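Okay, so here's the structure we're looking at.
Protein chains: 2
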Amino acid sequence: MTGSPSPLKLKLQILCGDAIAMGPGKADLLEAIATEGSISGAGRKLGMSYRRAWQLVDLMNRCWCAPLVETSPGSARGGGARLTADGQDVLTTYRTLQAALETRAAGPELAMLQAKLRPRALRSQAERLDEAAED
Amino acid sequence: MTGSPSPLKLKLQILCGDAIAMGPGKADLLEAIATEGSISGAGRKLGMSYRRAWQLVDLMNRCWCAPLVETSPGSARGGGARLTADGQDVLTTYRTLQAALETRAAGPELAMLQAKLRPRALRSQAERLDEAAED
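Note that the protein sequences, when read in sequence, are chains A and B.
For the record, in the first sequence the residue sitting at position 88 is 75 according to the working numbering, with numbers rising by one throughout.
For the record, in the second sequence the residue sitting at position 27 is 14 according to the working numbering, with numbers rising by one throughout.
What follows is the structure, given as structure tokens:
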């Protein structure tokens, strides 16, 4: 392996029928809910609308046997939210699996690919023409 | 593990700067070029426009140190194309890495997640209302 950053991007999704029950964005949202203590705060932290954050939480809660997030009883928009024990379990397990796959991926196959890869893509013909036009 | 199909979806991308040098769609395209013998035939097989298939090939050829696909000299649209030795190498290595990751993923963490997952998502409130309106 060289010292250059890994060119690998690994996206792990857990499907529930056609729905994505867990993935990188939902895991980040769960983490933000745990630290911010609310869905609105988590959305703000991630630059996501309250509506979008709420929709993702709602979908997660419908995909898993038990809800992953619970909101404080009677709380309106901006009220408190926290991960349930199942929510914390699913998040931890997802992160563990992700880390294990990233460790496995950093093996001989990746080194072989990396050795053949340019540090960045050559410019396309259109880009070269654009640049010539700017001269 | 239960006998139900795996809920895992693993997307492996190899980046070259900001560009995706290899991923599921590009690997499928390389395979189709190898079997169909042309970029246009590969595009047809995958339900992809010739323009789109050509753009993906062009991007791959700009991301890797050596081209992955070579076209027959002087061939116009629909002319022959085949994988170079590097193209075959990159494709094989990518598929090997993908299979190794899928094998690694089918472990205890996935079983733990699968045990907590519904077979399909509960309907949302909007879907329940739509259904009631259809009654």
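For glycine and all other residues, C-beta sits at the position ideal for the given N, C-alpha and C.
Since we're looking at a predicted model, the values are computed, not measured.
Residue pairing of glycine 67(A) in beta bridges, as defined by DSSP: Ser25(A). For cysteine 3(B), the beta-bridge partners assigned by DSSP are Ala6(B). One alpha carbon belongs to glutamine 75(B), the other to valine 56(B), and they sit about 9 Å apart. Taking the Cβ atoms as the reference, lysine 13(B) lies roughly 6 Å from leucine 43(B), within the contact range of under 8 Å. Taking a C-beta distance under 8 Å as the contact criterion, arginine 39(B) and glycine 30(B) qualify as a contact pair. Following the DSSP letters along the chain, one finds alanine 98(A) inside the alpha helix (DSSP H) bounded by residues 95 to 103. In this structure, the CA atom of methionine 99(A) is about 42 Å from the CA atom of alanine 72(A). Threonine 58(B) is bridged by DSSP to Ala68(B). For leucine -3(A), the secondary structure class from DSSP, reduced to helix, strand or coil, is strand.
In this structure, the alpha-carbon of isoleucine 7(A) lies about 36 Å from that of arginine 69(B). Spatial neighbours of serine 25(B) in its own chain (CB-CB distance under 8 Å, excluding positions within 5 residues in sequence) are listed in chain order as Gly65, Gly66, Gly67 and Ala68.
Judged by beta-carbon spacing, leucine 104(A) lies within the 8 Å limit of cysteine 3(B), meaning their Cβ atoms are closer than that value. Taken atom to atom, the span from the alpha-carbon of aspartate 117(B) to that of leucine 17(A) is near 29 Å.
Alanine 108(A) is classed as buried because its beta carbon has at least 16 other beta carbons within 10 Å across all chains shown. In terms of CA proximity to proline -6(A), Asp5(B) leads the group Pro95(B), Asp5(B) and Ser36(B). By a beta-carbon distance limit of 8 Å, leucine 84(A) contacts leucine 97(B). Their separation comes to about 7 Å. In this structure, isoleucine 20(A) and methionine 9(A) do not form a Cβ contact; the two beta carbons are roughly 14 Å apart against a cut-off of 8 Å. Not flagged as an interface residue toward chain A: tryptophan 41(B), since no C-beta distance is shorter than 8 Å.
Comparing alpha carbon positions, the residue from Tyr37(A), Asp15(A), Leu(-1)(A) and Arg49(A) closest to proline 106(B) is Arg49(A).
In the DSSP assignment, tryptophan 41(A) falls within the unbroken alpha helix (DSSP H) covering 37 to 50. The three-state secondary structure of glycine 34(B), taken from DSSP, is coil. Alanine 108(B) sits in coil when the DSSP states are folded into three classes, being neither helix nor strand. In summary, alanine 92(B) is buried, with 16 or more beta-carbon neighbours lying within 10 Å of its beta-carbon over all protein chains present. For tyrosine 37(B), no CB of chain A lies under 8 Å from its own CB, so it is not counted at the interface with that chain.
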